[in-house]
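Numbering (UniProt numbering), first residue to last: 1 to 369. Glycine included, every Cβ here is placed at the ideal spot set by N, Cα and C.
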Ligand code: ADP
C-alpha cells in the first residue's frame, strides 16, 4: 500500500486529548510535517507545555490509531517526536489582513518556466472568479511586467486611511507589483541582500492589495535570503514548486522542497508542477515527444508523497504569450488554457483541504478582522 499524509491525519482524528476531549488533529497538536518513507512514518506532536501530563498517553494512542486505522505494518513505534508549541511562523494577520491565502511559486533552477506558470496560474484563478494578486519577487529577472503587458506601468501612491500606499498595477483581473517597476532593466540583479529584502517588504506591506483570495509570490529560483525574508514576513499558506522532468532540474527541485519543509523555513509544500512535460507539434496533436524525459516530476512527487498539481506541455503559444504580454491562460478553451485551468483547480483543492482539515493554529488562512 502507498501511504499519504492524509491517511495518517485521518487516523489521528480518532485520538482525543484527555484534557479537552477534542481530537488531536483539530486541536492542532499534530505538526504539519508528516514524513513518509515506504512504511516508515514520522511526525511531531506539539504540546502547549513541555510538561503536559498527557504526553505519554497521547503518543501511545496516536501509535495505536495509526496501526489500527491505517495498517498494522506501518513502522511508527518511536517515530513520534514531542515538541513544545511555539509559533515559528509570523502571525497570519499582521501585514495583509485582507488576504486569505498566500502561495509561494518557486523552482530549484532558473529557466524551468516558474514565472510563466505563476502568470498563467494567476490569470486562470482570476478567470475562475477569485480575487488575485501577484508579487514578482524574482530579483534575478523580474519578468511579470512583460508577461502582463505592463512594462510601462508606473505604480503611483494613493492615500488610504491616512497612509500613502503603492497602488498595484492591474491587468487581466490580476493585481501585480514587480521589483522590475522600481529598478532599471538589468539592475535588479544588483539588488542583493538587505536592499532587495526591504524593497520586497515594502511592496507587500506598503501596497494597497486590498481583499485577495490568492496572493501569489513569484520567488527567485533556488534558495536565497529572499526566500527567508518572505517566510519571515508573511504567513505563507503553501509553496508550489515548478520543475521540468529533466534530471538536473529535478535534483534542484528536491533541494527547494527540502528547504521549504526544513525547520528553518517550515512552509508546507502544496505540490509539484511539471512544466515542459512533453512537446506536441501543432500539426500532429496526437504525438507527444518527451524532450526532457518522461514523467520525472510525477515520480519525484510520488517519492516525496506530495501531489503533482499539473503537467504543462511545451507549446509555442505559451512562449509567445509570455513575450507578447498575453498569457495563454486567457483562452481557457485552448489545450494550454485547459491545462492551466486544471492546475488552478488543483491548487484551490489542495488549499481548501488544508484549511478544512488543519487546526486553526496550523491553518494559515487569514480572515478579515
Ligand atoms: P523561470 O521563471 O523559471 O526562469 P520563465 O517562466 O521565464 O522561467 O520561462 C523561461 C522561458 O521558457 C521563457 O521564454 C518562457 O516563455 C518559456 N516557457 C516556459 N514554459 C513554457 C512552455 N510550457 N512551453 C513553451 N515555452 C515555455
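Take residue i as the anchor and find which of the options has the nearest alpha-carbon.
i	options	result
residue 346	166, 163 and 128	128
residue 182	156, 131 and 73	156
residue 170	159, 74, 205 and 119	119
residue 335	312, 355, 352 and 31	312
residue 63	115, 94 and 9	9
residue 65	339, 197 and 7	7
residue 27	40, 46, 41 and 38	46
residue 165	35, 95 and 112	95
residue 142	101, 48, 153 and 220	220
residue 52	214, 41, 29 and 40	29
residue 3	286, 36 and 11	36
residue 314	339, 300 and 299	339
residue 195	55, 163, 101 and 137	137
residue 154	331, 355, 18 and 184	184
residue 408	1, 83, 174 and 263	Nothing can be reported for residue 408: it is not among the residues displayed for the chain, which extend from 1 to 369.
residue 175	193, 130, 139 and 31	130
residue 240	287, 301 and 283	301
residue 263	341, 98 and 232	232
residue 228	250, 252, 197 and 56	197
residue 261	286, 11, 223 and 283	223
residue 54	343, 18 and 84	18
residue 283	177, 316, 99 and 56	316
residue 251	50, 299 and 320	299
residue 321	115, 5, 99 and 48	115
residue 337	350, 318, 287 and 351	318
residue 106	78, 342 and 249	249
residue 306	355, 254, 79 and 286	254
residue 16	79, 61, 99 and 78	61
residue 78	56, 163, 162 and 48	56
Can you round the beta-carbon distance between residue i and residue j to whole angstroms, since I take them to be within the 8 angstroms contact cut?
i	j	result
residue 381	residue 44	This structure cannot speak to residue 381, because the chain is shown only from 1 to 369.
residue 59	residue 24	At roughly 10 angstroms, the Cβ-Cβ gap does not stay under 8 angstroms, so residue 59 and residue 24 are not in contact.
residue 14	residue 69	6 angstroms
residue 218	residue 134	7 angstroms
residue 122	residue 216	5 angstroms
residue 199	residue 179	6 angstroms
residue 167	residue 159	10 angstroms between Cβ atoms; not a contact.
residue 297	residue 304	The Cβ separation is near 10 angstroms, so there is no contact.
residue 230	residue 104	7 angstroms
residue 310	residue 108	About 17 angstroms; that fails the 8 angstroms criterion.
residue 126	residue 117	Going by Cβ atoms, the distance from residue 126 to residue 117 rounds to 15 angstroms, so no, they are not a contact pair.
residue 101	residue 214	5 angstroms
residue 331	residue 113	Residue 331 to residue 113, Cβ: 18 angstroms. No contact.
residue 140	residue 110	7 angstroms
residue 83	residue 151	With a Cβ gap of about 48 angstroms, residue 83 and residue 151 do not count as contacting.
Flag this pair as touching only if the region 232–250 and the region 266–275 have three or more C-beta atom pairs under 8 angstroms; answer yes or no.
-> Verdict: yes, contact present.
Residue ranges of each alpha helix (DSSP H) run of no fewer than 4 residues wholly in the region 182–244, ordered along the chain?
-> Listed in chain order, the complete alpha helix (DSSP H) runs (minimum 4 residues) inside the region 182–244 are 193–205 and 225–233.
Segment contact flag, the region 319–330 with the region 288–297, C-beta cutoff 8 angstroms, min 3 pairs | Verdict: no, contact absent.
At a cut of 8 angstroms, does the region 274–283 reach the region 141–149 through at least three beta carbon pairs?
-> No, because fewer than three Cβ pairs between the region 274–283 and the region 141–149 fall closer than 8 angstroms, the two stretches do not touch.
Return the chain-ordered ranges of every beta strand (DSSP E) run that is complete within the region 283–366 and spans a minimum of 3 residues.
-> Here the runs fully enclosed are 308–314.
Hey, which unbroken runs of the alpha helix (DSSP H) at 4 residues or more fall wholly within the UniProt domain "MIP18 family-like" (8–68)?
-> Runs of the alpha helix (DSSP H) inside the UniProt domain "MIP18 family-like" (8–68): none found.
Counting pairs of beta carbons, one from the region 63–79 and one from the region 209–225, are three or more of them closer than 8 angstroms?
-> Short answer: they don't touch.
Should the region 192–204 be called in touch with the region 241–258, which here means at least 3 C-beta pairs below 8 angstroms?
-> With the cut-off at 8 angstroms, the region 192–204 and the region 241–258 do not touch.
For the ligand ADP, list every residue whose C-beta falls under 7 angstroms from any of its heavy atoms, going in chain order.
-> Per the Cβ criterion, the list is 107, 110, 111, 112, 113, 114, 115, 116, 117, 138, 141, 143, 221, 242, 275, 276, 312, 313, 314, 315, 316, 318, 319, 322 and 323.
Whole runs of the beta strand (DSSP E) within the region 104–183, excluding any shorter than 3 residues | Listed in chain order, the complete beta strand (DSSP E) runs (minimum 3 residues) inside the region 104–183 are 132–136, 157–160, 163–166, 169–171 and 174–178.
Contained alpha helix (DSSP H) runs [length at least 4] in the region 251–284, N- to C-terminal order | With a minimum length of 4 residues, there is no unbroken run of alpha helix (DSSP H) contained wholly in the region 251–284.
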